[in-house]
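For the sequence shown, the positions run 1 to 71 when full-length UniProt numbering is used. From the three backbone atoms N, C-alpha and C, an ideal C-beta is built for every residue, glycine too. From a predicted model like this one, the values you see are computed outputs, not experimental measurements.
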Amino acid sequence: MHWHFKIGYLIGQPVGISFTNGQGTSGILCGVSGGKLLVTEYLYQAQFALKQYDLHMVQDINGFPPCHNQQ
Numbered sequence: 001m002h003w004h005f006k007i008g009y010l011i012g013q014p015v016g017i018s019f020t021n022g023q024g025t026s027g028i029l030c031g032v033s034g035g036k037l038l039v040t041e042y043l044y045q046a047q048f049a050l051k052q053y054d055l056h057m058v059q060d061i062n063g064f065p066p067c068h069n070q071q
């Protein structure tokens with residue numbers, strides 16, 4: 001499935017994003033606006049930032065898998 005079709009299902013969810021330059025990031029997908037992907041990312045301590053990434057730089061977006069309880 002092309003990543004454009006995943007966005008509606010992933011808004012508000014933790015995601016991993018891969019970029020066309022080989023880098024990646026993770027955070028909470030907040031939405032899309034003005035040709036940019038909006039992602040809240042953790043910085044450090046109790047600080048978070050809303051980052052914006054151009055859609056043409058995105059290669060793929062995937063939701064985080066569920067946790068498997070280990071006992």
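For residue i, the nearest candidate out of the options (CA to CA)
| i | options | result |
| --- | --- | --- |
| threonine 40 | His4, Gly12 and Lys6 | Gly12 |
| glycine 34 | Leu55, Ile61, Asp60 and Ile7 | Leu55 |
| asparagine 21 | Met57, Asn62 and Gly63 | Met57 |
| residue 86 | Lys36, Cys67 and Lys51 | For residue 86 there is no data in the structure shown, the boundaries of the chain being 1 and 71. |
| histidine 2 | Ile61, Gln45, Pro14 and Pro66 | Ile61 |
| isoleucine 28 | Phe64, His4 and Phe5 | Phe64 |
Residues bridged to residue i (per DSSP)
| i | result |
| --- | --- |
| phenylalanine 19 | Val58 |
| leucine 50 | Thr40 |
| histidine 11 | Note on identity: in this sequence residue 11 is isoleucine, with histidine being the wrong assignment. None; isoleucine 11 has no bridge partner. |
9 Å Cβ cutoff met for residue i and residue j
| i | j | result |
| --- | --- | --- |
| glutamine 59 | phenylalanine 19 | yes |
| glycine 31 | glycine 24 | no |
| lysine 36 | tyrosine 9 | no |
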